[in-house]
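Before any comments, here is the structure.
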Amino acid sequence: MLKHWLHETKLTQSHKLLSFNFVDMEDSSHLLNDIISLHNKLHSEGYLLLENFLPKKKVLKARKTILKLTNNNPQDLLNRQDIYNHYSVLEVLESKKIFKLCQKLFTINCVPRTEIYNEGKKTELPVKYSRYPNVFTFPYKWLRAVEQGKYTGLHLDRYYLNKGSDNIVTFWIPLGNVSKENGAMSVIPNKFITNAIKIRIKNLLEKKLEDGNGESDGWLDESELEGVTFVSHDFKMGDVVVLTLDVLHKTLSNNLKEKRISCDTRWQPINDKYPPW
Ligand SMILES: [Fe+2]
Numbered sequence: 001m002l003k004h005w006l007h008e009t010k011l012t013q014s015h016k017l018l019s020f021n022f023v024d025m026e027d028s029s030h031l032l033n034d035i036i037s038l039h040n041k042l043h044s045e046g047y048l049l050l051e052n053f054l055p056k057k058k059v060l061k062a063r064k065t066i067l068k069l070t071n072n073n074p075q076d077l078l079n080r081q082d083i084y085n086h087y088s089v090l091e092v093l094e095s096k097k098i099f100k101l102c103q104k105l106f107t108i109n110c111v112p113r114t115e116i117y118n119e120g121k122k123t124e125l126p127v128k129y130s131r132y133p134n135v136f137t138f139p140y141k142w143l144r145a146v147e148q149g150k151y152t153g154l155h156l157d158r159y160y161l162n163k164g165s166d167n168i169v170t171f172w173i174p175l176g177n178v179s180k181e182n183g184a185m186s187v188i189p190n191k192f193i194t195n196a197i198k199i200r201i202k203n204l205l206e207k208k209l210e211d212g213n214g215e216s217d218g219w220l221d222e223s224e225l226e227g228v229t230f231v232s233h234d235f236k237m238g239d240v241v242v243l244t245l246d247v248l249h250k251t252l253s254n255n256l257k258e259k260r261i262s263c264d265t266r267w268q269p270i271n272d273k274y275p276p277w
């Protein structure tokens with residue numbers, strides 16, 4: 001059952017007080033053995049919360065590695081290939097559990113395994129993951145340490161990843177406990193998307209096509225979305241959120257001194273077009 005836990009008010013630049021409803025995300029872990037229901041839920045709601053999906057010990061180890069390699073001052077992690085490719089970090093960001101789940105999810109409505117030939121040329125499969133031959137994960141990792149007062153605005157990933165596969169999914173991985181106090185992922189489930197919001201999304205995407213570049217930051221102005229309902233959660237290490245390309249989401253502001261560490265990892269069927277930019 002959905003639990004109301006926060007009613008956020010926000011002061012806009014024009015000093016208008018906005019009001020949003022927040023309810024708790026529904027955990028979908030009980031559907032992990034029912035892949036059709038899980039797939040349907042992901043594509044109808046636009047997101048999945050999977051609590052305790054990754055081993056806590058490994059997530060903690062990855063966090064400790066990040067802190068150690070940055071002398072306890074994580075910053076500019078988006079450019080730290082050495083960190084996100086470190087074995088103990090990659091073990092979480094490219095967890096075999098995610099490969100396994102994507103392998104199942106991508107089997108539904110995706111190019112079948114037999115279509116491994118691309119323009120008559122056999123596609124090279126990554127050897128270490130040959131057990132999951134349908135799955136490709138982007139080598140780049142959106143690893144972030146978000147400082148106090150910062151957040152990511154409301155957007156849909158298609159705005160940035162619009163030139164490749166429609167089947168891309170993002171696994172948002174908190175590398176630490178992330179609550180509504182320090183920047184939790186928040187989503188507007190597809191069922192709460194009104195026609196007015198749909199029009200705004202369409203305009204945003206069309207504007208990007210006209211502009212022909214991604215220079216605009218792609219965040220939707222929330223001042224016209226008053227009353228809309230978000231879902232969010234107090235995330236523990238090991239929890240993940242799966243997002244489709246078209247679901248509206250943001251991260252809440254980090255109100256704590258300690259930086260919030262999290263990573264967006266991206267996954268798609270191996271035969272789909274890549275890259276999406
Ligand atoms: Fe995003």
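For what it's worth, full-length UniProt numbering labels the leading residue of the sequence shown as 1, then goes sequentially.
Where a beta carbon is used, it is the ideal one built from N, C-alpha and C, also for glycine.
- Ordered by chain, the residues meeting the criterion of a beta-carbon within less than 6 Å of a non-hydrogen atom of ligand 1 are HIS155, ASP157, HIS249.
- Between LEU69 and HIS155, the C-beta spacing is not below 8 Å.
- Contact annotation: VAL178 and TRP267 have beta-carbon atoms that are not nearer than 8 Å.
- CA-to-CA, the gap between ASN190 and LYS250 works out to about 14 Å.
- Non-local C-beta neighbours of GLY153 in its own chain, meaning closer than 6 Å and more than five positions away in sequence, comprise TRP219, LYS250, ordered along the chain.
- Under the three-state reduction of DSSP, ASN182 is assigned to strand.
- Here DSSP, grouped into helix, strand and coil, assigns ASP157 to helix.
- Following the DSSP letters along the chain, one finds SER165 in no alpha helix (DSSP H), marked with neither H nor E.
- Sorting ALA145, THR265, ASN79, ASP246 by C-alpha distance to the C-alpha of ILE201 places ASP246 at the top.
- In the displayed model, ARG80 falls within coil according to three-state DSSP, outside both helix and strand.
- Here THR244 really is in contact with LEU42; their C-beta atoms are around 6 Å apart, less than 8 Å.
- When C-beta atoms of the segment 86-97 are compared with those of the segment 18-26, fewer than three pairs fall below 8 Å, so the two segments do not count as touching.
- Excluding its 5 nearest sequence neighbours in each direction, SER28 has C-beta neighbours in its own chain below 7 Å: LEU38, LYS41, LEU48, LEU49, LEU50, listed in chain order.
- In this structure the segment 91-104 touches the segment 54-71; the number of beta carbon pairs closer than 8 Å is three or more.
- Looking from the CA of VAL187, the closest CA among ILE36, PHE230, ASP234 belongs to PHE230.
- In the DSSP assignment, ILE36 falls within the alpha helix (DSSP H) that extends over 35-45.
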